[in-house]
Amino acid sequence: MKLTHPEHAPPADAAHARAIKPVICYPVETLPRPDLAALRAARDSWTKTAEVIVPAREAKYFEVPAGCFFRITSIEGPQVGDLNLWAAEDLNERFFSGKTRALHGTHLSTGDQLWSSIPYLRPMATITDDTLDWYGIDEHGGSVHDVIGTRCDPYTHHMLSGGDTYHHCCHSNLTRALTEATGLMKHACEFHVHDVLNVFMCTGFTRDTGQYFMKASPVRPGDYLEFFAEIDLGGALSACPGGDCSSEHSSDAAACYPLLVEVFTPKAPPAGWVSPARNGYDRTHGCDLD
Numbered sequence: 002m003k004l005t006h007p008e009h010a011p012p013a014d015a016a017h018a019r020a021i022k023p024v025i026c027y028p029v030e031t032l033p034r035p036d037l038a039a040l041r042a043a044r045d046s047w048t049k050t051a052e053v054i055v056p057a058r059e060a061k062y063f064e065v066p067a068g069c070f071f072r073i074t075s076i077e078g079p080q081v082g083d084l085n086l087w088a089a090e091d092l093n094e095r096f097f098s099g100k101t102r103a104l105h106g107t108h109l110s111t112g113d114q115l116w117s118s119i120p121y122l123r124p125m126a127t128i129t130d131d132t133l134d135w136y137g138i139d140e141h142g143g144s145v146h147d148v149i150g151t152r153c154d155p156y157t158h159h160m161l162s163g164g165d166t167y168h169h170c171c172h173s174n175l176t177r178a179l180t181e182a183t184g185l186m187k188h189a190c191e192f193h194v195h196d197v198l199n200v201f202m203c204t205g206f207t208r209d210t211g212q213y214f215m216k217a218s219p220v221r222p223g224d225y226l227e228f229f230a231e232i233d234l235g236g237a238l239s240a241c242p243g244g245d246c247s248s249e250h251s252s253d254a255a256a257c258y259p260l261l262v263e264v265f266t267p268k269a270p271p272a273g274w275v276s277p278a279r280n281g282y283d284r285t286h287g288c289d290l291d
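Quick note: the sequence shown uses my numbering, first residue 2, plus one each step.
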């Protein structure tokens, strides 16, 4: 974090340096945008084809075929969820929170897409509805549905707690869920668990030290975040042990509640929709060697 009292004096042109206007790293004017109207029209004929209840402080795996929708819903009390996504046929293609953040910002909402990892780099899912879009960005710089936090994990907890062992961190929950679904060894599955979309979590960065913060989520029973599956997906959702993340996580102290995942299948694909191909870059990297 930045020092409260810097050890070096500012140069003569410090004010000029600070006044330089920022440049957006990835302008998205040329990025193909989803046709939200067509996607939403497809919902008119959908039927619910699957549902999974994610118990408090646990995670569950689910699958969503390309062209279908899924919703994550708060059903009993304020609860944050940590979401991982994979291509159903290849665990190596997984949600890339860093690139999603670079393209769409630190917090996601309707119309934003969840992008997959390099070398695949294509939309995995599109957010089609967000009942918390009213929250916006608060006076502290906080907002919901972030792609800046990694996931609570037992390694960081062990380090910061002086050696305490806790198995219901989201990293461990997601590892267990993927192990159960795939039959792979847990140590192999752990390497496929990745940085998450923090569904319903309210977070930001402090202005003075630049530290990642969390605050009580505004989510209430009935609120949901809805997605359209652009490719065949496998997903895992952890009901974070932090509950609404108003105080702490990685413990049993917070009040926690289950989450609901529902899958909906429309009668017909959205008009004009085609599942995106993997990224077209040729992977030569400017090198002639194999």
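Beta carbons are placed, not taken as given, at the ideal position from N, Cα and C, and that holds for glycine.
Taking the C-alpha atoms as reference points, what is the distance between residue i and residue j?
i: Ala20; j: Thr204; result: 27 Å
i: Ala67; j: Ala43; result: 13 Å
i: Lys100; j: Trp47; result: 31 Å
i: Arg41; j: Pro33; result: 18 Å
i: Pro271; j: Ile232; result: 14 Å
i: Phe96; j: Phe206; result: 23 Å
i: Glu249; j: Cys241; result: 10 Å
Taking C-beta to C-beta, are residue i and residue j nearer than 8 Å?
i: Arg102; j: Val65; result: no
i: Cys246; j: Met202; result: yes
i: Ala254; j: Lys61; result: no
i: Tyr121; j: Arg279; result: yes
i: Glu8; j: Asp130; result: no
i: Val81; j: Gly243; result: yes
i: Ala159; j: Thr151; result: According to the sequence displayed, residue 159 carries His and not Ala. Going by C-beta atoms, His159 is not nearer than 8 Å to Thr151.
i: Val53; j: Val200; result: no
i: Ala126; j: Leu37; result: no
With DSSP run on the structure shown, which of helix, strand or coil describes residue i?
i: Asp14; result: coil
i: Trp116; result: strand
i: Tyr156; result: helix
i: Glu231; result: coil
i: Cys190; result: helix
i: Asn174; result: helix
i: Thr48; result: strand
i: Ser98; result: helix
i: Leu299; result: Because the chain in this structure spans residues 2 to 291, residue 299 falls outside the shown range and cannot be described.
i: Ala278; result: coil
i: Arg284; result: coil
i: Ala240; result: strand
i: Thr266; result: strand
i: Leu122; result: coil
i: Glu181; result: helix
i: Tyr136; result: helix
My assumption, with CB atoms under 8 Å, is that residue i sits in contact with residue j. Please give the rounded CB distance.
i: Ser110; j: Arg221; result: The pair is not a contact, with the Cβ atoms about 17 Å apart (cut-off 8 Å).
i: Cys190; j: Leu179; result: 4 Å
(request) Count the CB pairs spanning the region 209-224 and the region 112-122 that are closer than 8 Å, and state whether there are at least three. (result) Judged by Cβ distances under 8 Å, the region 209-224 makes no contact with the region 112-122, as fewer than three pairs qualify.
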